[in-house]
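The block underneath contains the structure these notes are about, expressed in structure tokens.
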Amino acid sequence: MYDRIREKLSILADAAKYDVSCSSSGGNRKNDNKGIGDSSASGICHTYTEDGRCVSLLKILLTNHCVYDCAFCVSRKSNDVKRAAFTVDEVVELTMSFYRRNYIEGLFLSSGIFKNADFTMERLVRIAKRLRLEERFNGYIHLKTIPGASQELLTEAGLYADRMSINLEMPTEMGLKLLAPEKSHDDVKMPLGFIKDTIAKFKDEKKTGLIKSIPKFVPAGQSTQMVIGATPETDMEIMYSADEYYKNFSLKRVYYSGYIPISHDSRMPVIGSQPPLLRENRLYQTDWLMRFYGFNVKELLNTNNPHLDTDIDPKLSWALRNLEQFPVDINTADYHMILRVPGIGVNSAQKIVQARKFGKLRSDQLKKIGISYNRAKHFIRCADSPIILNEPDAPHLKSIILTESSSKYLKVPQNQLSLF
Amino acid sequence: MTTYIFNGSFEGLLTAIFEFYDRKEKAVELVWDKLYQPSILDEALEIVNDEFKAKRVWDGLKKKLSPEWRTRFYKAYLSEDPQTFQDLLDFARYIFDNPAGAEANFGNPHVIAISKMDKKVNREKHRMKAFIRFQQTGDNIYYCPVDPDFNVLPLIASFFKNRYTDQRWIIYDLKRKYGLFYDLKSVQEITYEFISEIDIKKVILPIELTDPKEELASILWKDYFNSTNIPARKNMKLHIQHVPKRYWKYLNEKQ
Ligand code: SF4
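Protein sequences appear in the order of chains A and B.
Using the numbering used here, the first residue of the first sequence is number 1, and each one after it goes up by one.
Using the numbering used here, the first residue of the second sequence is number 1001, and each one after it goes up by one.
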């Protein structure tokens, strides 16, 4: 008797999994209505898939029926796959049943487009509304913005959702046109801009203090995703596009999803070819450097270096291209420069600037603070650094570092990174 | 060197710090009584818990440490790690003997020791928030047994209370033989007798004890876990790094 719902869930979770975001961070709903749920600001991964991706939300499509035929998508009209659709009740029940057991932080609901944009968006909104108002659910809700949906529906969606997202799909307009001629990046920019402006409007009203309780509007902001490796863009084109969207639409995140071949379409990599996981990892590292390490995208990628190195991470490549800025004196350098040293992360950099107030730091202390000293030592000076007469040049230094860290460095790439 | 033997309690730890100053000691080795092996060379002092002395020390730490660092101190204590007990005593001495602000000296070994342990305890706390899987019992209590590496139940009580305000739940620490029970009003500490009808050696409750909806919920969660996986990206090494094997027995999706 469980078969029907089990089959639906399998089809609609399978079709939703190519959206890589599963973040539940940035939610700030408090359980102040004696209801259920309380968002954890930093997000929680309740488990990890066998490919090492965080599972935080129940990520499903409402339906995989779709009137479009985007070549890169499993749900495209012309694809011969089993179709299914959840009812509103089923999604609400499933979400509550998982949430009460502490399986998930909330719901990430997306959908194929059936009939038209408004019809689809209206269903998504109805589910979010039911969860918030009837179930008094304060967990996380991530709703997909359906391109072309009316502003009324988007506004209503924003009142119930913590995050909204709409995918660029391909990094450039050209790439998108190649695989989904019916679509355009303008369809994405319009709703992104509208929601961004509405978030700002709500914030302003809050500041004026005229109205007592301003409802939350998309408190965890917006995100987007690009598929990598289905179309021929360079890393530079990809990251410049990401940078533009971060800036123009105040996005919280841009996700990069290595294309997994799902069709025999001659325009794209053939089925069975490896997804570009290492490349994806390098793009995330670049994204990290832009958002947390104060790098401008042009420093990392430019016409001289349109592609990220595969054998070393982008922070190390930048350092090797800019050796004249090193060595950095740990005991005197500016925080921002310390942050740029390969082998030193944000946490360690903060600890270093605090600790050095108590006296000049030595290498043993730096090791204890937790920097990867073997990497960093080539780029820093500290109280007990030996004087080096012949500083190696960049290619030489690179080969020293690669040999020193070979075992660790050339292993299978991690697709959720934290290290540099 | 004098050896202080204490009973592993937080009050005992603070009392020991009080004694250290009261007796004008130079160096002290702090030992957990259950690990103490007497030797004739030692000069040993058995620490008797004293609420007043403990409070004096805590108030002293309050004056010198930010709330954030006080929580770190307490969290490091919850590690129940013998070396950390010693580190806490040394750290407290370092804080008392230096001008305010000394805790920011990450070049100091005691500061590093406490912040490292704090990080470990935090990770375990975070894992419990993530890996707890409630099973709904026939009498409508959401139940989950755990055996965390550190004594983190005190650190997660309010998280679960705020989140699951409208359902009764039990989180039971099998290793330390106590649990938390939320009865829709407040969280209480409970012991084994309270849940004696449950065989605590079995993680998964027998079906007769569970709510009729429990089986389907658990099956659907496993289905979801399998469907959301992308085989072409498989990376078990990373998977195990995030979900270490010792936690698998508590995760229904891994059964
Ligand atoms: S519109 Fe969305 S669901 Fe439909 S085919 Fe295109 S990408 Fe897939």
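Note that beta-carbon positions come from the ideal geometry of N, C-alpha and C, so glycine has one too.
Given this structure, state the Cα-to-Cα distance separating residue i from residue j, to the nearest angstrom.
i       : j       : result
A:Y140  : A:L323  : 45 Å
B:K1075 : B:K1254 : 30 Å
B:Q1052 : B:N1162 : Per the sequence presented here, residue 1052 of chain B reads as Phe, with Gln not at that position. If I take the Cα positions, the gap works out to 33 Å.
A:V218  : A:F249  : 13 Å
A:L251  : A:Y245  : 7 Å
A:L410  : A:I369  : Only weak support is given to the placement of A:L410: the predicted model assigns it a pLDDT of 46, under 50, and the value that follows is read from those uncertain coordinates. The alpha-carbon atoms of A:L410 and A:I369 are separated by roughly 26 Å.
A:G106  : A:R29   : 12 Å
B:I1219 : A:A161  : 28 Å
B:F1181 : A:D384  : 55 Å
B:S1173 : B:F1160 : The sequence as given places Asp at residue 1173 of chain B; Ser does not occur at that position. Each residue's Cα considered, the two are about 15 Å apart.
A:I426  : A:A319  : Any answer about residue 426 of chain A is impossible in this case: the structure gives chain A only from 1 up to 420.
A:S165  : A:P171  : 15 Å
B:N1007 : B:I1047 : 8 Å
A:P413  : A:L131  : With a pLDDT of only 45 at A:P413, under the threshold of 50, the placement of this residue in the model should not be trusted, and no figure is reported.
A:R53   : B:A1016 : 46 Å
A:L176  : A:Y293  : 31 Å
B:K1202 : B:P1145 : 9 Å
A:R163  : A:K144  : 9 Å
A:I312  : B:I1230 : 26 Å
A:L300  : A:L316  : 10 Å
B:K1026 : B:V1121 : 30 Å
A:T208  : A:R136  : 29 Å
A:V297  : A:V328  : 22 Å
A:V346  : A:N116  : 46 Å
A:Y256  : B:S1066 : 40 Å
A:L62   : A:G27   : 22 Å
Name, in chain order, the residues that DSSP records as bridge partners for residue i.
i       : result
A:G106  : A:L57, A:Y140
A:R340  : Answer is none; A:R340 lacks a bridge partner.
A:R253  : A:S223
B:E1068 : In the DSSP output, where bridge partners are listed per residue, B:E1068 has none listed.
A:G258  : A:I228
B:E1189 : B:L1180
B:F1006 : B:W1032
A:Q285  : The partner list for A:Q285 (beta bridge, DSSP) is empty, contrary to what the question assumes.
A:I36   : A:F137
A:Y48   : A:C54
A:T63   : A:A85
By DSSP, does residue i sit in helix, in strand, or in coil?
i       : result
B:N1049 : coil
A:L165  : Note that residue 165 of chain A is Ser in the sequence shown here, rather than Leu. Looking at A:S165 - three-state DSSP - the assignment turns out to be strand.
B:Y1036 : coil
A:M170  : coil
B:D1149 : coil
B:A1044 : strand
A:T234  : coil
A:A220  : coil
A:N305  : strand
A:F86   : coil
A:D329  : strand
B:L1180 : strand
B:L1030 : strand
A:I146  : coil
B:Y1172 : strand
A:R381  : strand
B:Y1142 : strand
B:Q1255 : coil
B:Q1167 : coil
B:T1137 : strand
B:T1210 : strand
B:T1228 : coil
A:Y245  : helix
A:V91   : helix
A:V353  : helix
Handout entry: Cβ-based contacts, 8 Å cut-off: residues of the stretch 75-105 of chain A near chain B
Key = L94, S97, F98, R100, R101, N102, Y103
Handout entry: Under 8 Å (Cβ pairs) to chain B, residues found in the stretch 212-230 of chain A
Key = none
Practice task
Below 7 Å between beta carbons is the criterion; list the residues of the stretch 269-290 of chain A that meet it against any residue of chain B, in chain order.
Solution key: P275, L277
Handout entry: chain A contacts from the stretch 1218-1231 of chain B (Cβ-Cβ distance under 9 Å)
Key = S1218, I1219, L1220, W1221, D1223, Y1224, F1225, N1226, S1227, T1228, N1229, I1230, P1231
Handout entry: Positions along the stretch 1139-1156 of chain B whose CB lies within less than 7 Å of some CB in chain A
Key = Result list: Y1142.
Practice task
Could you please tell me which residues of the stretch 1163-1180 of chain B, in chain order, have their CB closer than 7 Å to any CB of chain A?
Solution key: From the stretch 1163-1180 of chain B, only R1163, Y1164, T1165, D1166, Q1167 have a Cβ closer than 7 Å to chain A.
Handout entry: Positions along the stretch 136-158 of chain A whose CB lies within less than 7 Å of some CB in chain B
Key = none
Exercise for the section: Name, going along the chain, the residues of the stretch 336-355 of chain A whose beta-carbon falls closer than 7 Å to a beta-carbon of chain B. Expected result: K351, Q354, A355
Handout entry: Against chain A: residues of the stretch 1058-1078 of chain B by CB proximity under 7 Å
Key = none
Exercise for the section: Closer than 8 Å, Cβ to Cβ, to anything on chain B: give me those residues from the stretch 36-53 of chain A, in chain order. Expected result: I36, G37, D38, S40, I44, C45, H46, T47, Y48, T49, E50, D51, G52, R53
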